[in-house]
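J.: Sharing a structure below in structure tokens format, with a few things to ask.
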Amino acid sequence: MYKKVSHIGVAVKDLEKAKEVFGTLGLEVEGEEVVEDQKVKVAFIPVGETRIELLEATSSDSPVARFIEKRGEGVHHLALGVDNVEAMLEELKAKGVRLVDEKPRRGAHNTLIAFLHPKSTGGLLLELCQE
Ligand code: ZN
């Protein structure tokens with residue numbers, strides 16, 4: 005079951021600069037951490053129940069680096085909060101939805117996450133996120 009929009013991932017070239025920009029807008033950056041698995045440095049900005057997730061690539065072969073190369077900085081993915089990522093993946097797979105991740109993996113802030121393939125979501129990169 006989908007619970008809420010967990011966060012909106014935004015690809016940035018320079019995390020420090022992005023933090024300044026959002027700070028000027030009156031938003032406060034919460035935590036910062038490196039997610040080795042995805043080769044990104046992440047900073048979260050809480051906005052009500054949802055968060056903005058700033059993503060900076062930690063290496064040139066990071067998916068975020070490739071995204072910026074192709075499409076520039078901006079909205080990278082939308083994350084929907086779910087109760088159980090694994091069950092959701094099975095359910096969607098049974099419906100013929102293409103998955104990027106067949107199994108959940110570790111995301112920032114001790115979450116379990118999995119990405120769906122944009123070919124099955126109208127071009128949007130959708131992340132399932134279990135807190
Ligand atoms: Zn995310």
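When you number the sequence shown by the working numbering, it's gap-free, plus one each residue, and the end is 135.
C-beta: ideal position from N, C-alpha, C; glycine also.
Values in this document were obtained by computation on a predicted structure and should not be read as measured data.
By DSSP, does residue 67 sit in helix, in strand, or in coil?
T.: Helix, per DSSP.
J.: Smallest Cα separation from residue 33: which of 9, 59, 8?
T.: Taking only the C-alpha atoms, the option nearest residue 33 is 59.
J.: Given 7 Å as the limit, tell me if residue 83 has its C-beta closer than that to any heavy atom belonging to ligand 1.
T.: Yes; taking the cut-off as 7 Å, the Cβ of residue 83 has a heavy atom of ligand 1 nearer than that.
J.: From what residue to what residue does the beta strand (DSSP E) around residue 98 run?
T.: No beta strand (DSSP E) holds residue 98; the alpha helix (DSSP H) holding it covers 89-98.
J.: Per the DSSP calculation, residue 50 is bridged to which residue(s)?
T.: For residue 50, which the question treats as bridged, DSSP gives the partners 55.
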